[in-house]
Structure formats: structure tokens, C-alpha cells
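Participant: So the protein sequences, as listed, match chains A, B and C. All letters in the first sequence, in the order written, are residues 1 to 471 by the numbering used here. All letters in the second sequence, in the order written, are residues 472 to 768 by the numbering used here. All letters in the third sequence, in the order written, are residues 769 to 1042 by the numbering used here. Note that CB positions come from ideal geometry on N, CA and C, so glycine has one too.
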Amino acid sequence: MKKKNNNKFMLPPNRQPFRKLTRRDFVQASAILAGAGVLSTFNGLPVFAKANMDELMPMFAKANIDWKQASGTEIVVGGLQHPWFEKHSPFLDSFTELTGITVKHEIQSDTEYVTEIPVKLGGGSTTPDVYMVWALGQSVAAGWLEPLDGYYNDPNLTDLSWYDLGDVFNSAKAFPVWAADNVTYGMSVTAEAETLFTNKTMFDKAGLAIPKTMNELYDAAVALNTGDQAGIVLRGKAAGDAVTWPGGGFIFSYGGAIVDANGEIAFDSQEAMEAIDMYGKICRDGGPIGIGSYHWFECLTEFMEGRSAMGLDSSNFATDFANPEKSKVADTTVYGAMPSAPGQTSAKPNMWHWMIGMNANSAQKKAAWLFMQWVTSPPTSLMTSSLGLATTRKSAWSSGDFTDAFGSQAAEASLSNLSNADGDLFKYAWFHPEAGAILDQVAIALNSSINGENVEKVVKKAADKARKAIS
Amino acid sequence: MKFVNKKNIFIILMLLPSTFLLLGLTIFPFVVGLILGFTDFSLIRPQNGMRGVGFENYIEIFTTEEFWISFKTTLIFTFFAVTIQLILGTLMAVLLHHNSKTAPIMRALYLLPLAVTPVAATFSFRMMFNPSLGVFNFFLESSGFAPLAWLSKPDLALISLIIVDIWQWTPFIMLIVAGGLASLPNEPFESAKVDGAGDIQIFFHHTLPLLKPYLALAVIFRIIDAFKTFDIIYVLTGGGPGISTRTLNLMAYRYGMEYLELGYAASFAIIMLLIIILFSQIFLRKTNIYSTKVARL
Amino acid sequence: MSVNYLIKKIMSYFFILLFAVWCLFPIYWLLSTSLKTNLQTNSKPPVFIFKPILDNYKLIIQDFDIWHIFFNSLIIASGTTFFSLFFGVPAAYALAKFKFKGNTDFSFWILTTRMAPPIAMLIPFYVMYNKLGILDTHIGLILAHISLNLSLVVWIMRGFFEDLPKDIEESSYIDGASYFSTFYRISLPISRNGIVAVGILCFLFSWNEFLMALILTDDSAKTVPVGISKFVGFQLIKWAELAASAIFMIMPIFIFLVFFQKQLIKGLTMGAIK
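Next up, the structure:
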């Protein structure tokens, strides 16, 4: 995953027909019609999207499989409240039209979802048939996921050339592959990377340039941390799913690791400790008071309200930042690469692909697979990305509608961060079966660093606890 | 008198449905929990099945610093939350009792914290506690005070949680005490007033002793529930900052639902159960709720 | 009217009002959030004066799911209340009025059913319900809620019954009435208010219970707390819908409370029989 790819991704020739459909002139045409009051929205979709979906239906027919082979069944797709649901729900009717399969969504808040799934799957439930996977190691070790390689390679179920795996980001493909047995247990559906956001107005006013290194980041944060605004917002909450993700990016960028390639705890190395120390310093000196309890929500809100000069979090925030109905900084956000650590040429931002997996106990595996294939297929990705979803396909990311919805500068920055990210470093830690215990300790270490405690002491203690947990 | 007489049959019939229901629903989870506590079963190692490890889990729990710290945190939280709720709830019940014109509407209003959906209330608090955007700091700053890091400073976080618990549950205590007040006979008070006793004296020497059973009832239920508090802690602080708001229940949840170590979590739960049984036994005996003074047939 | 009295009255009203503000503020905040636009919701400085919009309410009222969970919760809370009382009140009576071996221990055992930390119950309950086929049914959740509430009903009603004046019941026995008819004809009506009070507590507990509802229901029997929590997501909190739903749900409860609160307090009257 060492690709350094700064040029726009070129579409393979046979994708041209799609491009034509999403061209801006189409948008303009429907905008004119909409302005004339003839068309506005259809089922809440911008009209060009619905029209496009209709146009795209024949594209599905090009796939050399029988979409209707599981017709009449119903599947349950479970997950937490997430843009992925929001952005593909409008198209479910088309899916049912295509396949005859009805899809039931079961959506919850993240706490509820994370509680409910182990209980259900641990209790042997057959639903949800497809579910959003957040801890691959846990799910695989517990035997909840159906291996997918067989489905990919079954010509009756999947037309690989139509599906075009080459169009999917390499990191997205590698993500759900379980290292121990090289089996694919899931399918990536989104792509995000740790990205720097800056408020251009505040930077211009202070006459500062966008930081490129960690030290510059610290200086800028401190300089911009006035009473009216925070210098930077970062997650600080001491929970494994909160501060650990951005903090992990720091650790990786300094040349450290949370868990190394041998499965050993590694975050008490010199490099990692430096990273944890820097994270704490930046938060303390450049962040708002109370940053120690910040989760993504507080970071997103604060930056969106124009109360912070910088933020360092998931590229997915761009969709909200760019929305003038929610965000006060839609016109003034500039996205950048994650700053690099001293001695390194580039950072290793953290990254994440949300995955969906198939319940090993599902009673509708064929139908589930057809859904999974459909929702990540080239046509559907084009449609969901037109609504702003950060999909896993290069074709979708470079389509005009996506860059309109997401922001082209945001897309560029996110892609560059994504390509700099080291997926393996992430997987060693986050997909470890005992990831919960490990990430929890890392969270405590980072949070204690933010609170100004002695970094060496807290990190050693946390690392020891983590070692004990995985022994 | 033989056993099968009218009285005993009556007693058994009255008790049977509840017994049957409770036994049926709680015996299985209890037995499962008990057994699991003696194994190292984990959902992420299902192939090992349920391997008995004797008292290993228990020994390990009692010898970790983490257990004792969360125990202490739980104690502090429960003690302060319940005590303050008790005082506040009793105070409000008394005030309303003596101002009965406004009482009806006020009581309904006071009950709202109990009636609003917890998840909405908790998120409301999360936003209000927000250091830079929240309303609480807005009021503080407008009055010239420095803003507080409500949920991110170690000790302050626990205080914030106690505040939320007090907000939610004071109405419960108020309700029970209000009923108690309404039922007190009037004579002792009138004679005391005639004797020239002041209001505060009357309250402490006459009212309070008579209210004891109600207070004890309210407190025992609150202690049991406060000990198990989960939602507000999870949503507002997640156990942080650091580990300053990690209570026993939060730890049990982490081990059980996040790390999927069901055996270990079960031991944790059993230990919690034993602790609360011990406390309630002591409490009930000291406050003498099992009053033998009541004439029974 | 002495000055002393006036001061006391003013102080009382002051505290009463203060406490009301304390209780109501977070709810007021939810209410105002439900009337704001997304941009105004988390503004700094906080927006107190604004033009209210009803869009959020329109949004949730059109959401079929909101009505569905509302009625589910109504059914489940009512069923829980009815059966908790139906089973718990007789049990409380027996425990209060009769001295028998094991009375104390049995009462304590009932109390312990409330003590188990929820984590210990989640998976066993799920497995149990799955085997019995009552997952995602109203009756299933009602049973679970009853088991959680019985301790409250029994203990509070036991206190009530203990304080009933014995003369009325004794005269009933002297007249030759059976235990049951005394209970049914004399003791119950006198305690009617107490029963209503405990019933309201049962209802509120069941209405707001979350963990069991989460685990034991799916779509058909989903309740309000679980349904509303779907508005809180990862990288996405739907504040408008969350606040509007919360206020929407609390309206009927508030009306219900005002209506019954007279019963409520008179109800908790342990024994002041006129």
C-alpha cells in the first residue's frame, strides 16, 4: 500500500458511458427543469439521480448473472446510523426491482449496535443477514462471518469482469482479508483517511500557512488558540473507539506501531511515546478546554460552527462541512495532508473502511451476496457517491457528482492521505481478536497524556496491561 | 394445626404467580452466570468451549488494581448521588406539602426528568456540558466565571455524572416521601406546635422519625439502581477521563460486550451481586424495615 | 401574618421555583432544539431567541416508525403495569399481613431479582427467548419488564398494607369473611390510590427501559427508547429528529401525570384512612 498517486485516476475506456450520464450538463438540464417547476425531487433524490438510476438499470443487465435467482426473499441489513445507510437507501427500490429481494434496514446508534450484535450473533441468530463489521478480528474469531472468496469466484453469482475489482481501492480489497488464513471475510463499503481540515479565514487573518509537519502543526495550533476559537480540535475521549483512531495515526506517523507484525504490543517504543506525547501537547496547548472528552461529534460540531481553526479527523467530515445547511464553514474549509513527523518525509495517516459481512448463520446467503455485490457495484457506487458517499471505487471518486457533493479539494486531500496510509499497521492492531482490550489501553494512555500526566509512566502501564490482556 | 389450612392456602395462592414468574425468568440467567463465572469462556475463542477454571477469575479480579479502583469509584458515585437525592427529594416533598396550592402542577413538572426518554436527556446533557458550545459554560462565562471542563477533568467528570443522576432520580425519592408525608397523622404535630416548638424542631423530632420507613424504602431502591448505573456514564464519559469514572458495571460491560470475555464478565457480575446483597442486608437490618412491630396474623 | 411567616413563604416559593427550573431546563433545551434549524442547534453563543420552526415535527410525524414504536411502548408499558400489579399486589399483601416462616427471606429474594447487573442477563435472556420463540413479541418484553418491576411493586405495596389499620380488616374476619374476600372487598379498595401510584412508577420504568428492549425486540415490538436511539449514529447525530421525538413522546406522559398526580400522592398515603 505504498502507492503515491497524485494524478487523477484514469477511467478504463469502457467506463466512458457512465461518465457521459453524470456530466454537468445533465445536472444543468435538470436544474433548468427544476427551476421551471417541472421536476424537483423524486423520493427525496435529486431528480438527475433518479433518472440516472433508471438509465443505469440496463447496466446491471450487462452483468452475466441472473439477478433474480433469489427473488421473493427478504434480507435484513443491520448497522449503525451512518451515511452509508443514508446514501444507499434511496436506491433500494431499484434493487428490489432488479432482484425481487426485499431489504429491511435495522439501524441503531453505535452504542446500541455494538451491544446488540454480539448478543444476537453470539446467540446464533440468523439475522441480520448482512451487517456492518467494526471489529473484524472479533467477528472472525467468534465465527460470525461467512468467508466470501467462494462467492466472488462463483460465476453464477458474480460476474467478476463486470464487477471490475481493478476499480476498487487496493486498501479496500486488502482490508477484509484475514491475515492468519488469507480468507476474505467482508466487503469494504466506504473509504476514509485521517485528514487535516483548516479554516482558511482564520489562517489568512493570522497570516499563517497550512502546517506540513508536526512541529508546524503544534505552533499553528498554539498561535491560533485564542479565546474566540480553538487552535485545533482532536478526539480526546478515553474510549477505544474515540481517541485511539486519530492517535494511532500519530503513532504510525512517528514510525511506531500499536501492535507489530508479530502480534506483540509495540506502543511503548520510543517512537510511539514521542507520538503520544506530541498528541497530548497539541491537545493541551492548542485545543479547547475539555478536549479530553471530545469524540468525533464534538470535533465535527466545533469545526463546523467555525469555532476551531483546525481539525484532524476522518475525511468523511467533508460531506458535512460542505453542507451549508449544517455548516458555517462550507466556503472556507481547506483540506490537507496529515502533517509528517520529524525525520519522516510523509505521515502515515490512519485509515478506515467500513465493511459489511455476511452472517455465517444467515438463511438467505445468496440473496445477501447479491445485495452486497449490488451495493458496491460500479453503477450503484456512482449513484451513492453522487450523494456524497465516500465509496471504495476510483470511478466513483472521480465522478463529477461526487466531487460536487464532497468537494474536489476534499476528495484530493482524502485520496492522498488514503494512499499514504499503511493498512497493515492498522490491521495488526484493530483486527486483533483482543483489539478491544488493546485499543482501550492505548486510549487511556493518550487521554492521560492530554491530561498532562507523565507520558512514559502511563504508556508503560498501559502497554503492560495490554500485554496481560492478550496473553 | 395442619399445614394445609385456609390461611396457608391463601398465602400460597397469593404468592404463587409472582414466585413462578420470577423464578422462571431469573433462574436460568442466574445459573448460567454462576457457571460462566467459573469458566474462561470467551466468544472469540468458541472452540475452547466452557473450560472450567475454578476460582481463577475471582482471584484475578480481586487482585487487580482496576477492580478496587472501580469499586471505589462506584461507591463514591452511589454514596454522593443517593445522599444528595435524598436530601433534595425530601426537602422538595416537604416544601410542596406545606404549599399545597401549587403542589399538583409542580409535582407533575418535577416528575418530568423521570418521564423523558433517557437517551434524549443524556445527549441533551452531553451538549449542555460541552466546554465551548454548551449552555452551562455559557452561563458561567456570562457571569464572569471561568468555563469548566465538565466531562474531561478527572474529578469534575464524576461530579458531572452525579449531577445528572441527581437530576434524573430526585423525583423518585420526592414521590415516595411526599406520599409518606401525606399519610402522617396530625396530632403529634399539633401538640408540638402548641408546646411552642419551631418548625425545624418539629421536622427533625417528629416528622423525620415517622418518615423513616419511606426514606429507607426509597434509599434502598436507589442504592440498588445507582450501583448499576450505566447509560449516563457510557454516553457522557465512557469511563474517562483516564479511568476516573469507570464503575464496576462499566467494567463488566467492557469485558462482556466489548472484549467478549463472557466468563470473566460473569464473575464480575456475580461479585457485584454479592456486594450489593451484603450492603442491602446491612442496610435493611439497621433501618429495621423488617419491622416486627406490625401485627401480623 | 407575621413577618416570619411571610419570609418562610417567600423562601419556600423561591426554592420551589428554583427546583422547577432545575428539573425543566434540560427538557426546555430539548424543546428548543426541536424547534431550531440544524445551524442553530449547536451555535455559540447558544441561541435562546429564535423563530421556531415546525419542520422537525413534520419530519417525525410522517415517519411511520415513530407511531409504531409509540404504540408498542404504550402496549408494553400498560401490559407490564397491569400484570406487575396483578401479580405483585397479592404477593405484597400476603407478605405484609401474615407471619410465616421465610417471610423475611422470601421478601429479600424478591428484592435481589432487581440487583443483577444487566450484563449478566443479556445473553442468557436472548438465548432463552430465542428457544421459547418469544423474541420480538410484546408478551416477551412484557414478561421481562414484569420481572424487573415486581420487586418495586411488592416492596412498596407491602409497606402500604402493613400500615393499614387493622380494625377494619379484623371486623371483616369477625363477620366471617374469608381471607380472600377481605382482601378483595376491603383492603384493595382502601389501597386503591397506592396501587395507582405504584402503577405509575411501573409504567414509567417500562416506558423508559432500554437494555432488555434492545436485546429482546427487533422490528415488531421495538419500543420508544430503542427507536429514538437510532437517531444517534457514528459521524451523524440527527439532533432535530432526536429532540422532536423526545418531546413528542413526553407530551402524553405529561398529560397523564397531571391527570393522575392527585391519585399519585393520595395513593402513597400509607394508611391515613378517614
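Beta-carbon separation of F1016/C and I834/C under 8 angstroms?
Facilitator: Going by C-beta atoms, F1016/C is nearer than 8 angstroms to I834/C.
Participant: Could you check what DSSP says for R516/B in three-state terms: helix, strand or coil?
Facilitator: Coil.
Participant: Please list, in chain order, the residues of the segment 970-990 of chain C that have any C-beta partner in chain B closer than 7 angstroms.
Facilitator: Near chain B, meaning a CB-to-CB distance below 7 angstroms, the residues of the segment 970-990 of chain C are L972, N976, F978.
Participant: Sorted by chain position, which residues of the same chain lie with C-beta nearer than 8 angstroms to T593/B's C-beta, five sequence neighbours on each side aside?
Facilitator: Excluding residues within five positions, the ones whose Cβ falls inside 8 angstroms are V635, D702, I703, V706, L707.
Participant: In whole angstroms, give me the CA-to-CA distance for L827/C and L580/B.
Facilitator: The C-alpha of L827/C lies about 27 angstroms from the C-alpha of L580/B.
Participant: Considering only DSSP beta bridges, list what S314/A is partnered with.
Facilitator: E194/A
Participant: DSSP on N153/A, reduced to helix/strand/coil?
Facilitator: The answer is coil: DSSP assigns N153/A none of H, G, I, E or B.
Participant: Between the C-alpha atoms of L969/C and A687/B, what's the straight-line distance to the nearest angstrom?
Facilitator: 17 angstroms
Participant: So if I threshold CB-CB distances at 8 angstroms, which residues from the segment 506-518 of chain B count as touching chain C?
Facilitator: none
Participant: If I measure Cβ to Cβ from H432/A and keep anything under 8 angstroms in the same chain, skipping five residues before and after, which residues do I get?
Facilitator: G137, V259, G263, I438, I470
Participant: Measure the CB-CB distance between S974/C and A788/C and report whether it falls below 8 angstroms.
Facilitator: no
Participant: Between which two residues does the alpha helix (DSSP H) carrying E302/A extend?
Facilitator: 296-304
Participant: How big is the Cα-Cα spacing for G186/A and L918/C?
Facilitator: 45 angstroms
Participant: Just the C-alpha distance for L749/B and L755/B, rounded to the nearest angstrom, thanks.
Facilitator: 10 angstroms
Participant: Is the separation between the beta-carbon of Y335/A and that of L196/A shorter than 8 angstroms?
Facilitator: yes
Participant: Going along chain B, which residues have a C-beta under 7 angstroms from P433/A?
Facilitator: I515
Participant: Answer yes or no: do V243/A and L80/A have a C-beta to C-beta separation smaller than 8 angstroms?
Facilitator: no
Participant: For the beta strand (DSSP E) that V103/A lies in, which residues bound it at each end?
Facilitator: Taken as a continuous stretch (DSSP letters only), the beta strand (DSSP E) holding V103/A covers 102-108.
Participant: Determine the extent of the alpha helix (DSSP H) in which M925/C is found, giving its start and end residues.
Facilitator: Note, M925/C: alpha helix (DSSP H), 906-930.
Participant: With a threshold of 16 other CB atoms inside 10 Å of the CB of T928/C, please say whether the residue is buried or exposed.
Facilitator: Reading off the sequence, residue 928/C comes out as Phe, not Thr. Per the 10 Å Cβ criterion, buried.
Participant: Which bits of chain A does P712/B rub up against, with CB to CB less than 7 angstroms?
Facilitator: A238, G292, S293, N447, N451
Participant: Closest Cβ-Cβ distance between V1000/C and chain B: below 8 angstroms?
Facilitator: yes
Participant: With DSSP run on the structure shown, which of helix, strand or coil describes R882/C?
Facilitator: coil
Participant: Is it buried or exposed for I817/C, if we count other Cβ within 10 angstroms and need 16 for buried?
Facilitator: exposed
Participant: Going by DSSP in three states, W352/A sits in which element: helix, strand or coil?
Facilitator: strand
Participant: My output table needs one value for A180/A: the three-state DSSP class, helix, strand or coil.
Facilitator: coil
Participant: Got a sec: is the Cβ-Cβ distance from W638/B to anything in chain C below 8 angstroms?
Facilitator: yes
Participant: Check whether the Cβ of K804/C lies closer than 8 angstroms to any Cβ atom in chain B.
Facilitator: no
Participant: How far does the beta strand (DSSP E) with M728/B in it extend, from its first residue to its last?
Facilitator: No beta strand (DSSP E) contains M728/B, which DSSP labels as neither H nor E.
Participant: Would you say S614/B and W621/B are within 8 angstroms of each other, going by their C-beta atoms?
Facilitator: no
Participant: Go ahead and pull the three-state DSSP assignment for R393/A.
Facilitator: strand
Participant: Looking at chain B, is there any beta carbon in it that lies within less than 8 angstroms of the beta carbon of K1006/C?
Facilitator: It does not: the Cβ of K1006/C has no partner Cβ on chain B nearer than 8 angstroms.
Participant: Could you tell me which residues DSSP puts in a beta bridge with L80/A?
Facilitator: DSSP lists Q108/A as partners of L80/A.
Participant: Could you please tell me which residues of the segment 875-896 of chain C, in chain order, have their CB closer than 9 angstroms to any CB of chain B?
Facilitator: S875, F876, W877, I878, L879, T880, T881, R882, M883, A884, P885, P886, I887, A888, M889, L890, I891, P892, F893, V895, M896
Participant: Counting only beta-carbon atoms, is I753/B nearer than 8 angstroms to chain C?
Facilitator: no
Participant: In whole angstroms, give me the CA-to-CA distance for T73/A and A737/B.
Facilitator: 39 angstroms
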